[in-house]
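**Q**
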Amino acid sequence: MIDDLQFGKRNKKGDWKPNEAIALPPMANAKRKMNLGGWLLGFIWPWNLMTVGLTALLWFFVIPPIDVMQTLSFDWIATLFAVNWIALFLWLGSWELVLYRKRSQERRFKYNNAFPSEKPADYFWFKDQNIDNFIRSMFISVPIMVAMEVFALWMFANGWGAISFATEQPILFVLLLIFIPILHEAYFFFAHWFLHWEPFYKWCHAVHHNSINPSPWTSMSNHPLEMFLQFLPAVIWIPLSPFLVLYHFNTVAFSSVLGHIGFEKIELGKEKTWDSHAYPHYLHHKHFDVNYCDDGYLPWDKWFGTWHDGTKEGEQLMQERFKAKVARKNKRAA
Ligand SMILES: [Zn+2]
Ligand SMILES: [Zn+2]
Numbered sequence: 066m067i068d069d070l071q072f073g074k075r076n077k078k079g080d081w082k083p084n085e086a087i088a089l090p091p092m093a094n095a096k097r098k099m100n101l102g103g104w105l106l107g108f109i110w111p112w113n114l115m116t117v118g119l120t121a122l123l124w125f126f127v128i129p130p131i132d133v134m135q136t137l138s139f140d141w142i143a144t145l146f147a148v149n150w151i152a153l154f155l156w157l158g159s160w161e162l163v164l165y166r167k168r169s170q171e172r173r174f175k176y177n178n179a180f181p182s183e184k185p186a187d188y189f190w191f192k193d194q195n196i197d198n199f200i201r202s203m204f205i206s207v208p209i210m211v212a213m214e215v216f217a218l219w220m221f222a223n224g225w226g227a228i229s230f231a232t233e234q235p236i237l238f239v240l241l242l243i244f245i246p247i248l249h250e251a252y253f254f255f256a257h258w259f260l261h262w263e264p265f266y267k268w269c270h271a272v273h274h275n276s277i278n279p280s281p282w283t284s285m286s287n288h289p290l291e292m293f294l295q296f297l298p299a300v301i302w303i304p305l306s307p308f309l310v311l312y313h314f315n316t317v318a319f320s321s322v323l324g325h326i327g328f329e330k331i332e333l334g335k336e337k338t339w340d341s342h343a344y345p346h347y348l349h350h351k352h353f354d355v356n357y358c359d360d361g362y363l364p365w366d367k368w369f370g371t372w373h374d375g376t377k378e379g380e381q382l383m384q385e386r387f388k389a390k391v392a393r394k395n396k397r398a399a
């Protein structure tokens, strides 16, 4: 068994936090020599390459020929829905099963000492975070995703998109595969910041933030409008390639779990661990107005002054920012 107190400390409530500040990508510090190769490798492997692989499986084994997609028929739409639903159920559900149901590593490296099932609350459907988040993720967000995918594929099949972009422009195609997660990251940062704007927050994004202690089922537990906004940029690829469209959808959907794992390190056997990098987004759920980024490939929060690195200094910076915000609000009201 690995001693998590070698890597962090636990407060009176039992919440664990890492000793070290959260590391930022190399471009956050202009003075430091940038290890671009290392960054690129971490960027490509494992998640983005796995997402390309997953999209390829979808493309070659599930997506029907173009003439079939020209009409909106039940068969191919139902198949696409079932495949997406099962894939996301298995992906989110596996994390949930191992860490939250079987509790394979109990509370070791767990940021929040409590498991969501131990904290019923009135603002969740059926007063249960797990049921609420599961229904919202799987029965609202996944259908929205598939409906948008169907629309994009139908548009493509009816002459709105190019058929052979990948074979005619292979280099550009690969560059776009690299660009899409970067675009998603930037878009997510600004859209997320916007969703925290008070008039929107209350009736839209608050749905996601009901889960102060997020778990894998929280990943896609969003208001339908937020889900729509998150997926919306994927449709810009319709004129170029339906593969890029699907890849963009998968990037949004499958990467969403990474910030909601709730554990700093995942134990792989008795001695090895894997770093989840979930702490920035955990802090977002805890403090709301910090760390708007999704995957952290680029230091958007650092650049825009909303970064919390998990240290006392990070906490202080955040408190100062909150105070300044309140002062600005009071000044406006006066
Ligand atoms: Zn979240
Ligand atoms: Zn938020």
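To get the numbering used here, take the position in the sequence shown, counting from 1, and add 65.
The C-beta atom is built at its ideal place from N, Cα and C for all residues, glycine as well.
(1) Does any heavy atom of ligand 1 sit closer than 7 angstroms to the C-beta of Pro235?
(2) Just checking my contact of His373 with Gly361 at CB under 8 angstroms: how many whole Å lie between their CB atoms?
(3) Distance, Cα to Cα, Pro91 vs Trp141?
(4) Per DSSP, what are the beta-bridge partners of Asp340 in this structure?
(5) Within 7 angstroms: the Cβ of Thr371 and any heavy atom of ligand 4?
(6) Taking only heavy atoms of ligand 1 into account, decide whether any of them is closer than 7 angstroms to the Cβ of Ile279.
(7) Just to confirm the assignment, what range does the alpha helix (DSSP H) spanning Pro235 have?
(8) Assuming Gly327 contacts Tyr176 (C-beta within less than 8 angstroms), just tell me the rounded distance between them.
(9) Does the beta-carbon of Val391 have 16 or more other beta-carbons within 10 angstroms, so that it is buried, or is it exposed?
(10) Please identify the residue among Lys192, Val207, Gln71 and Leu218 whose C-alpha is closest to the C-alpha of Leu290.
(11) Taking the straight line between their C-alpha atoms, what separation do you get for Lys78 and His257?
(12) Quick one: what does DSSP say Lys77 is sitting in, helix, strand or coil?
(13) Quick one: is the Cβ of Gly327 within less than 7 angstroms of any heavy atom of ligand 1?
(14) Once you ignore the five residues that flank Glu161 on each side, which residues in its own chain have a CB closer than 7 angstroms to its CB?
(15) Under 8 angstroms Cβ to Cβ from Trp225, same chain only, skipping five residues before and after it: list those, please.
(16) Does ligand 2 have even one heavy atom less than 7 angstroms from the beta-carbon of His249?
**A** Once the coordinates are examined:
(1) As a working note, residue 235 is residue 170 in the sequence shown. Not so, every heavy atom of ligand 1 lies at least 7 angstroms from the Cβ.
(2) Position 308 of the sequence shown, counted from the start, is the residue given in the question as residue 373. Position 296 of the sequence shown, counted from the start, is the residue given in the question as residue 361. Not really, about 12 angstroms apart at Cβ, beyond 8 angstroms.
(3) On the sequence shown, position 26 is the one that residue 91 refers to. On the sequence shown, position 76 is the one that residue 141 refers to. Taking the straight line from one Cα to the other gives about 44 angstroms.
(4) Working through the sequence shown from its first residue, we reach residue 340 at position 275. In the DSSP output, where bridge partners are listed per residue, Asp340 has Lys330.
(5) Only ligand 1 and ligand 2 can be found as ligands here, which leaves ligand 4 out of the picture.
(6) As a position in the sequence shown, residue 279 is number 214, starting the count at 1. Going by the sequence as given, residue 279 is Pro instead of Ile. Answer for Pro279: yes, Cβ within range of ligand 1.
(7) Here residue 235 is taken as the residue at index 170 of the sequence shown, counted from 1. From DSSP, the alpha helix (DSSP H) with Pro235 extends over Pro235 to Leu260.
(8) Along the sequence shown, one-based indexing puts residue 327 at 262. Along the sequence shown, one-based indexing puts residue 176 at 111. Gly327 to Tyr176, Cβ: 6 angstroms. Contact.
(9) Counting from 1 along the sequence shown, the entry for residue 391 is found at position 326. By the neighbour-count rule (16 or more Cβ atoms within 10 Å), Val391 is not buried but exposed.
(10) For the purposes of this step, residue 290 is taken as residue 225 along the sequence shown, with counting starting at 1. Answer by Cα proximity: Val207.
(11) To locate residue 78, count along the sequence shown from 1; it is residue 13. To locate residue 257, count along the sequence shown from 1; it is residue 192. Taking the straight line from one Cα to the other gives about 30 angstroms.
(12) Position 12 of the sequence shown holds residue 77. It is coil, neither helix nor strand.
(13) As a first step, residue 327 is located in the sequence shown; it is residue number 262 there, counting from the start. No, the beta carbon of Gly327 sits no closer than 7 angstroms to any heavy atom of ligand 1.
(14) On the sequence shown, position 96 is the one that residue 161 refers to. Same-chain partners within the cutoff: Ser280, Pro281 and Trp282.
(15) Translated into the one-based positions of the sequence shown, residue 225 becomes position 160. Result list for Trp225: Ile303 and Pro304, in chain order.
(16) Here the question's residue 249 lines up with position 184 in the sequence shown. For ligand 2, not one heavy atom lies less than 7 angstroms from the Cβ of His249.
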